[in-house]
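Single-structure report; data block below.
The following block contains the structure:
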């Protein structure tokens with residue numbers, strides 16, 4: 055089975071060997087406060103900084119999921135007002151979750167083909183860099199313009215399905231988060247929170263220390279290469295091994311971008327399918343959404359399944375009228391050749 | 055290296071094969087809302103019910119850690135008052151955490167060798183069945199007496215280092231939680247929350263729906279064999295495989311209890327070491343704490359290390375004056391023979 059599901063998604067084939075190595079190394083049985091565990095965490099941080107080009111003054115924490123990051127941002131980095139700009143289901147869920155936690159949430163929906171621009175300041179501004187539900191993205195240059203337009207806001211960015219696939223302009227925002235089951239090509243069960251000095255400063259000012267996942271408590275552990283709860287040591291180990299294997303993010307991102315463009319051209323020129331996002335300037339590099347009638351979508355997913363190919367279901371408003379294709383680094387070009395051949399014949 | 059660390063602790067040797075099988079089965083790449091993932095969750099629930107003898111009306115949820123369970127109990131099951139009876143570091147941490155979350159916390163410390171008894175009602179009563187920091191336990195009959203003495207309280211029980219090692223009288227409490235890196239013999243990174251009908255009723259009355267880990271939201275997902283966040287699918291798979299392999303809990307518990315008693319006798323009769331807990335009636339079956347002077351403890355840990363044996367460090371108040379030994383099911387009798395030989399010679 056080849057899976058193009060945008061998460062949990064296809065893992066790197068090398069993960070098979072890494073799982074075996076993890077067991078053989080004994081790391082699965084070590085205490086998470088031990089020197090061996092701390093060294094693993096230190097090395098993984100270092101590789102993340104190197105391979106993803108994360109600035110030295112941005113810290114990294116291992117969390118249970120991207121969803122937990124919504125909670126951390128609302129609890130530890132915001133006291134009153136959170137502005138959420140979104141055009142899809144995940145951005146909207148984040149806004150609703152923050153509202154439930156008692157903050158004053160300003161909803162700023164925008165169009166599927168619209169280039170986001172923001173001029174309203176807020177204590178915290180929450181953006182979805184890559185909206186997994188519809189295959190749109192907010193580019194680095196758009197993020198940088200927003201940063202300049204609202205310089206006093208803390209910028210938090212959901213990069214769940216793009217981190218490790220897109221080369222970010224990290225300093226354009228203060229907090230970034232992702233899940234390892236997307237562009238990292240790893241089994242589900244862990245999230246990453248990347249946060250800069252302005253986020254730490256904000257957390258210190260607010261001084262929220264009531265939760266086990268309070269950012270200050272997380273940060274104190276991070277500085278010691280420890281974690282705020284018993285972590286998924288196996289996934290940290292797998293992450294380290296995958297990072298050792300992958301090229302620098304600029305190389306990965308360029309290849310993915312090229313593959314995304316080539317796929318878009320393929321759909322436009324060689325099939326009768328339509329891309330959900332017409333404006334190439336806001337189209338995601340890592341998740342493609344293809345639109346059709348309900349019967350067409352149903353039929354193609356069934357036909358794909360019969361050929362051992364899993365297409366991603368649509369999501370939210372586009373649940374029945376789209377299918378989605380993950381363009382993640384762990385999926386090989388050969389798999390995409392198989393997909394194209396299938397779509398050409400189907 | 056043989057590890058007697060009480061968590062993360064030695065994993066079952068079969069986990070090596072299960073990791074490989076997990077990869078080969080393709081489960082690592084399936085979407086967590088798919089039929090395949092739901093079937094895995096369903097089968098794992100069924101095995102947990104069967105092998106651990108969990109009543110049919112008690113539900114099971116996969117969470118990120120036992121620490122997260124403290125939060126869920128405070129947020130979703132308590133509105134005002136939480137009574138915490140504890141004699142060690144983990145019970146105390148739980149009390150402090152609940153207090154930080156804004157509840158009125160009644161602290162009821164008790165002695166290391168004391169049989170716990172409770173007569174004060176509270177909205178929620180929080181007990182540590184197995185206190186990993188000092189190797190004490192609250193037995194089934196004590197729990198049952200507490201249940202009868204305070205029939206209106208919701209009883210929540212930390213069973214982090216005993217679930218899957220001790221045969222619980224489940225209906226003596228309403229909520230039980232544990233981590234898989236202890237008696238389940240699995241890699242760290244997942245917790246289990248087992249909750250009964252009274253807990254569900256309480257959650258419905260309170261109707262707390264503000265958090266992604268609100269119990270009502272968790273429960274709605276559990277009933278559909280789904281999860282409230284992208285779960286650690288690999289660990290669920292490993293849990294399923296380990297459960298298939300282990301005997302029923304009565305058999306496991308009887309063997310562990312016998313091994314614990316035999317170890318206690320060994321320490322008392324064949325070594326000059328002292329057991330931290332003098333009263334056998336409250337001594338844990340799954341974690342043994344051995345006491346000595348600071349230099350003695352330091353020396354034995356070093357000597358063990360040189361023989362490829364990891365003894366657990368002391369914890370909290372007993373950090374420097376004890377070492378701990380996990381008596382978990384995944385640790386073989388052969389390993390204990392090696393340990394005894396070492397301790398006899400050392």
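Protein chains in written order, with our numbering: chain A, 55 to 400; chain B, 55 to 400.
Built from N, CA and C at the ideal position, the CB exists for glycine as well.
Own chain, CB closer than 8 Å to residue i, minus 5 neighbours either side, in chain order
| i | result |
| --- | --- |
| residue 294 of chain B | 94, 97, 98, 101 |
| residue 373 of chain A | 367 |
| residue 160 of chain B | 135, 136, 137, 138, 174, 176 |
| residue 349 of chain A | none |
| residue 158 of chain B | 134, 135, 136 |
| residue 68 of chain A | 295, 296, 299 |
| residue 171 of chain A | 196, 199, 200, 203 |
Among the options, the one whose alpha carbon lies nearest that of residue i
| i | options | result |
| --- | --- | --- |
| residue 162 of chain B | B:136, B:151, B:177 | B:136 |
| residue 224 of chain A | A:113, A:80, A:123, A:348 | A:113 |
| residue 177 of chain A | A:212, A:128, A:84 | A:128 |
| residue 202 of chain B | B:174, B:108, B:185, B:75 | B:174 |
| residue 320 of chain A | A:149, A:393, A:386 | A:393 |
| residue 120 of chain A | A:144, A:110, A:109, A:378 | A:144 |
| residue 214 of chain A | A:306, A:355, A:61, A:379 | A:61 |
| residue 322 of chain B | B:343, B:210, B:306, B:180 | B:343 |
| residue 406 of chain B | A:126, A:81, A:383, A:192 | A question about residue 406 of chain B goes unanswered here, because the residues of chain B that appear run from 55 up to 400. |
| residue 154 of chain A | B:109, B:263, B:290 | B:263 |
| residue 180 of chain B | B:187, B:210, B:192 | B:210 |
| residue 222 of chain A | A:238, A:204, A:206, A:198 | A:198 |
| residue 340 of chain A | A:256, A:220, A:305, A:249 | A:220 |
| residue 307 of chain B | B:156, B:382, B:117 | B:382 |
| residue 314 of chain B | B:116, B:355, B:216, B:351 | B:216 |
| residue 79 of chain A | A:358, A:309, A:357, A:288 | A:288 |
| residue 407 of chain B | B:187, B:122, B:248 | The structure shown has nothing for residue 407 of chain B, since chain B only spans 55 to 400. |
| residue 385 of chain A | A:352, A:399, A:184, A:309 | A:309 |
| residue 251 of chain B | B:397, B:108, B:76 | B:108 |
Three-state secondary structure assigned by DSSP to residue i
| i | result |
| --- | --- |
| residue 169 of chain B | coil |
| residue 397 of chain A | helix |
| residue 61 of chain A | coil |
| residue 346 of chain B | coil |
| residue 230 of chain B | strand |
| residue 255 of chain A | helix |
| residue 392 of chain A | helix |
| residue 137 of chain A | strand |
| residue 92 of chain A | helix |
| residue 363 of chain A | strand |
| residue 225 of chain A | helix |
| residue 144 of chain A | helix |
Contact with chain C by residue i, beta-carbon distance below 7 Å
| i | result |
| --- | --- |
| residue 154 of chain A | Here the protein chains are A and B, and chain C is not one of them. |
With 16 other Cβ atoms within 10 Å as the buried cut-off, status of residue i
| i | result |
| --- | --- |
| residue 147 of chain B | buried |
| residue 312 of chain B | exposed |
| residue 325 of chain B | exposed |
| residue 244 of chain B | buried |
| residue 55 of chain B | exposed |
| residue 89 of chain B | exposed |
| residue 388 of chain B | exposed |
| residue 110 of chain B | exposed |
| residue 286 of chain B | buried |
| residue 261 of chain B | exposed |
| residue 255 of chain A | exposed |
| residue 378 of chain A | buried |
| residue 165 of chain A | exposed |
Nonlocal neighbours in the same chain, by C-beta distance under 7 Å from residue i, ignoring five residues either side
| i | result |
| --- | --- |
| residue 169 of chain B | 196, 335, 336 |
| residue 167 of chain B | 331, 332, 333, 336 |
| residue 57 of chain A | 63, 64, 364 |
| residue 253 of chain A | 131, 208, 228, 229 |
| residue 151 of chain A | 124 |
| residue 92 of chain A | 279, 280 |
Own chain partners of residue i with C-beta closer than 6 Å, once the 5 adjacent residues on each side are dropped
| i | result |
| --- | --- |
| residue 345 of chain B | 328, 330, 375, 376 |
| residue 74 of chain B | none |
| residue 242 of chain B | 62, 235 |
| residue 106 of chain A | 303 |
| residue 362 of chain A | 55 |
| residue 358 of chain A | 365 |
- [ ] Identify each residue in the stretch 64 to 97 of chain A for which the Cβ-Cβ distance to at least one residue of chain B is less than 7 Å, and report them in chain order.
- [x] 64, 65, 69, 70, 73, 74, 77, 80, 82, 83, 84, 85, 86
- [ ] Can you give me, in chain order, the residues of the stretch 239 to 272 of chain B that have a beta carbon less than 8 Å from any beta carbon in chain A?
- [x] 241, 242, 243, 244, 263, 264, 265, 266
Open item on the list: Closer than 7 Å between beta carbons: that is the criterion. Which residues of the stretch 271 to 305 of chain B meet it against chain A?
Closed with: 283, 284, 285, 286, 287, 288, 289
Task: Near-chain B residues of the stretch 345 to 358 of chain A (beta-carbon distance less than 8 Å), N- to C-terminal order - done: none
Task: Contact residues within the stretch 104 to 115 of chain B, judged by C-beta distance below 7 Å to chain A - done: none
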